[in-house]
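*Asks:* Mind having a look at this structure? Questions to follow.
Residue numbers (the working numbering), protein chains in the order written: chain L, 1 to 119; chain U, 1 to 740.
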């Protein structure tokens, strides 16, 4: 131990290094969070209404708009096309693939029971 | 005294070198008493000295100072061309003049040798002098093409004529050398093209391809090329690669189809093209006008877009008023951030010069001349030259460099295309009752290109494609693909020929091409592994797979019992055996391990070819991605190319019933952009209707699918996993058949 104030380190200059704020990433965490895929699943159920035959372009345009607004809320900095490419890439991770499989399987039993009822 | 900028700038050249070179150039000669050029007393020695300077000063010390000095001193135009003009009338008869002429040429060839920066050897001097020398060389080309007192190129050939006349066996090395420099001189002049990196202050038309072709015609250079090429193997041997290079730089980028169109038809085609372009522009402007503001730009409209959770987005500008779709687009456009993309790889100088995907336009006279040349070349020289070159490439002769195989395959594809176009016009002319032309059997046969339609060439081509794919030499692969596509198309045209013999040959060739399963696999692999190699490559990939699939489909239909030779790995079975044996005893297991390695070699077996199974291999996520990347260029594609993409997607959705592969938001967005809204395909164009039909049908399918299976909404964001694809497509799991 040194003498007096030296040991406390009061006299030493404090170097302040400014840290850059990390740019938020559009990764699997963000995609799996509440405003991510879960929200997409919800709004698609509530909002997606199709007019059917004769309105193909309108139907698809409305669907694209839904995706665009959803992505704008989820990750506002990226343009639609860029965001789509990023999301697609994230979809290749192991975790996302597991989740995707689960979501699909969720739909399966319901369908089989329906079919049995039809029979 | 006044100082100028020149005095401040340091001379980039060593002053001593400059002094020496300048004094030599001055001693060479100058304008004499009679107003013409008069030679200095020791002109021959001066020329030899200058050559030594160029060779030792630049070559050995690895600088470019001497070349720069010579460019600055106007040596080529002021002296060398004048000397050649002066002595050309009696250059052959007079021994001293001949010597002088050879010495001049020996200086001209290294001066016009295309400048390149060797990444290993280059010193700082190379980079310093590069741009200056490149521009100076374009100046040389212009001076040589436009020189009015002499036909310089012809003179160069004339100097080599005595050596050419000597029979091959009796030629001395010096004779060979003279022939070589004359041909290299022609090659250099053909090859030099304005650099894209430096601006030029001379008219580009004076050094364009058309100007070169016109000069070649005027100075009878085409005749020289023909006579050398047609007697290759007899009187000429090592000159084949130089001729190859001359042809390559003469023909690359020229549209072979247009070359053989009748004048009238070409005119109407050009007129149609102009009409189409004007129509396209009109449609584009109309598209803008529809969304353009109707009032001045400070009108200051601002609107709210209401969103969920009581949120709003503000957008300014009156162009979005009352149009929901426009406001959505504007919201996206005004975002500032762009996804960082990997910077494209820099193309080096050599590749740029070899670039053959850029179309070249010709003037009508140049077109006529080159057409005559190509016809005569096909008639007399194509077979001998390309046979000779193929053998040289196969043997890997010393004079053959890596770029030569690429040039070889590019030229093969070019000439096959030209020959097919020529046959077509001949048939049309014969069908026209007004003309008296009756095609002879010889005209109609494909014998003129037979030397590249044999098994040996196919083997070489297959090897070349495999090698360039393995080495990731994309430009090579591009040339190989173009060649293979053209071979397939030529065989196809042969099979529809009126001559029974041709049909038989075509049948045979197709048998051979389609017999090897490795060929099929390679095409699929190339299509699947596209990864940003540029538009020219993409165009070649998509064309090859389109043509291959189409011709194979037809062939498989005609020959139901088509057999293919497939190479199968037997490793798996052996491994299983090894495992069971391994359980019995370790020693045995060890032995079978080495056996396993030996057995990893492939065995060859024959089996029946099933087109549907093959087509299934063609349709998958990565090949879809390749075609999507191609479709993104839709605004620049012509009708034929758009058709190609359309056929593929049509096959995916309706023939293979794998529409789920296209169920991705970015693809849907691309299709919407192509058919609706500003920037879409021209509604009056031929391709639009097909596309509109396809997109409408496909979209209907998508809507139905999403309604039936809501889980698609999420999956639509991603490329599909193979495991879930079947379920998404059909709505139930595939029944797994257990093999017994």
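Built from N, CA and C at the ideal position, the CB exists for glycine as well.
Computed from a predicted structure; not experimentally measured.
For residue 585(U), I'd like the list of residues in its chain whose CB is within less than 7 Å of its CB, leaving aside the five on either flank, ordered along the chain.
*Replies:* Below a pLDDT of 50, predicted positions are generally treated as unreliable, and residue 585(U), at 46, falls in that range; no measurement from the model is reported.
*Asks:* With 8 Å as the limit, tell me which residues of the region 41–70 of chain L have their beta carbon closer than that to any beta carbon of chain U; keep them in chain order.
*Replies:* Answer in chain order: 41, 43, 44, 45, 48, 50, 52, 53, 56, 57, 59, 60, 61, 63, 64, 65, 67, 68 and 69.
*Asks:* Taking CB distances under 9 Å as the criterion, tell me whether residue 95(L) reaches chain U.
*Replies:* No, residue 95(L) lies away from the interface with chain U (no Cβ there is under 9 Å from its Cβ).
*Asks:* State yes or no: is the C-beta of residue 543(U) within less than 9 Å of the C-beta of residue 457(U)?
*Replies:* No, Cβ-Cβ distance for residue 543(U) and residue 457(U) is not below 9 Å.
*Asks:* With a threshold of 9 Å between beta carbons, is residue 409(U) in contact with chain L?
*Replies:* Not one chain L Cβ lies under 9 Å of residue 409(U).
*Asks:* Going by DSSP in three states, residue 586(U) sits in which element: helix, strand or coil?
*Replies:* Bear in mind that a pLDDT of 46 at residue 586(U), under 50, signals an unreliable position, so the model cannot answer this.
*Asks:* In angstroms, rounded to a whole number, what distance separates the CA positions of residue 304(U) and residue 28(L)?
*Replies:* Taking the straight line joining both Cα atoms gives about 32 Å.
*Asks:* Opposite residue 328(U) in the DSSP bridges: which residues?
*Replies:* According to DSSP, which records beta bridges pairwise, residue 328(U) is partnered with nothing at all.
*Asks:* Given a threshold of 16 other Cβ atoms within 10 Å of its Cβ, counted over all protein chains shown, does residue 428(U) qualify as buried or as exposed?
*Replies:* Classification of residue 428(U): exposed, given that the 10 Å Cβ count is below 16.
*Asks:* My output table needs one value for residue 137(U): the three-state DSSP class, helix, strand or coil.
*Replies:* DSSP places residue 137(U) in helix when its eight states are reduced to three.
*Asks:* Which residue's Cα is closest to the Cα of residue 548(U): 327(U), 615(U), 691(U) and 667(U)?
*Replies:* Here the closest residue by C-alpha is 615(U).
*Asks:* Under 9 Å between C-beta atoms, does residue 506(U) make it to chain L?
*Replies:* Cβ-Cβ to chain L under 9 Å: no for residue 506(U).
*Asks:* For residue 245(U), go through chain L and note every residue whose CB falls closer than 8 Å to its CB, in chain order.
*Replies:* None at all; the shortest Cβ gap to chain L is about 42 Å.
*Asks:* Is the beta carbon of residue 15(L) within less than 8 Å of some heavy atom of the ligand MG?
*Replies:* Questions concerning the ligand MG fall outside what the structure shown contains, since it holds no ligand whatsoever.
*Asks:* Just checking, does the region 254–274 of chain U make contact with the region 190–198 of chain U on the three C-beta pairs under 8 Å criterion?
*Replies:* Too few Cβ pairs lie closer than 8 Å, so no.
*Asks:* Between residue 191(U) and the rest of its own chain, which residues show a CB-CB distance below 6 Å, the 5 nearest in sequence each way excluded?
*Replies:* The residues are 114 and 249.
*Asks:* Among 716(U), 360(U) and 278(U), whose alpha-carbon lies nearest the alpha-carbon of residue 193(U)?
*Replies:* With distances taken between Cα atoms, residue 193(U) lies closest to 360(U).
*Asks:* Exposed or buried, residue 477(U), counting other C-beta atoms within 10 Å across all chains shown (16 or more means buried)?
*Replies:* By the 10 Å Cβ count, residue 477(U) comes out buried.
*Asks:* Does the region 9–27 of chain U come into contact with the region 60–72 of chain U, if we say contact requires no fewer than three beta-carbon pairs (one atom in each stretch) closer than 8 Å?
*Replies:* Judged by Cβ distances under 8 Å, the region 9–27 of chain U makes contact with the region 60–72 of chain U, as three or more pairs qualify.
*Asks:* Can you give the Cα-Cα distance for residue 253(U) and residue 421(U), rounded to whole angstroms?
*Replies:* Taking the straight line from one Cα to the other gives about 16 Å.
*Asks:* Run the CB neighbour count on residue 730(U), radius 10 Å, all protein chains shown included, and call it buried at 16 or more, exposed below.
*Replies:* The residue is exposed, with fewer than 16 neighbouring Cβ atoms inside 10 Å.
*Asks:* Nearest CA to the CA of residue 689(U): which residue from 646(U), 130(U), 702(U) and 715(U)?
*Replies:* That would be 646(U), whose Cα lies nearest to the Cα of residue 689(U).
*Asks:* Are there 16 or more other CB atoms within 10 angstroms of the CB of residue 4(U), so buried, or fewer, so exposed?
*Replies:* When all chains shown are included, residue 4(U) counts as exposed.
*Asks:* Does residue 588(U) get closer than 9 Å to chain L when you measure Cβ to Cβ?
*Replies:* The predicted position of residue 588(U) is uncertain, since its pLDDT is 45 and thus under 50; a value taken from the coordinates is nonetheless stated next. By this cut-off, residue 588(U) is not an interface position.
*Asks:* Give the DSSP-derived three-state secondary structure of residue 337(U) in the structure shown.
*Replies:* Three-state result, residue 337(U): coil.
*Asks:* Determine the direct distance from the alpha carbon of residue 410(U) to that of residue 374(U), and round the result to whole angstroms.
*Replies:* Computed Cα separation, rounded: 15 Å.
*Asks:* With a cut-off of 9 Å, does the C-beta of residue 689(U) fall near any C-beta of chain L?
*Replies:* Residue 689(U) does not count as touching chain L.
*Asks:* Using the C-alpha atoms, what's the distance from residue 564(U) back to residue 515(U)?
*Replies:* About 5 Å.
*Asks:* Using a C-beta cutoff of 9 Å, does residue 710(U) count as contacting chain L?
*Replies:* Yes, residue 710(U) lies at the interface with chain L (some Cβ there is under 9 Å from its Cβ).
*Asks:* Straight-line CA distance for residue 238(U) to residue 116(U)?
*Replies:* The straight-line gap from Cα to Cα measures roughly 24 Å.
*Asks:* Could you tell me the alpha carbon to alpha carbon distance between residue 555(U) and residue 425(U), rounded to whole angstroms?
*Replies:* If I take the Cα positions, the gap works out to 26 Å.
*Asks:* Between the alpha carbons of residue 165(U) and residue 172(U), how many angstroms are there, rounded?
*Replies:* Each residue's Cα considered, the two are about 12 Å apart.
*Asks:* Which residues of chain U have a Cβ atom closer than 9 Å to the Cβ of residue 79(L), listed in chain order?
*Replies:* Here the neighbours are 332, 333, 335, 337, 338 and 339.
*Asks:* Look up residue 37(U) in the DSSP assignment and give the residues it is bridged to.
*Replies:* Looking at the DSSP assignment, residue 37(U) forms a beta bridge with 31(U).
*Asks:* Could you name the residues that DSSP lists as bridge partners for residue 428(U)?
*Replies:* According to DSSP, which records beta bridges pairwise, residue 428(U) is partnered with nothing at all.
*Asks:* If you draw a straight line from the C-alpha of residue 18(U) to the C-alpha of residue 29(U), how long is it?
*Replies:* C-alpha separation (whole angstroms): 18 Å.
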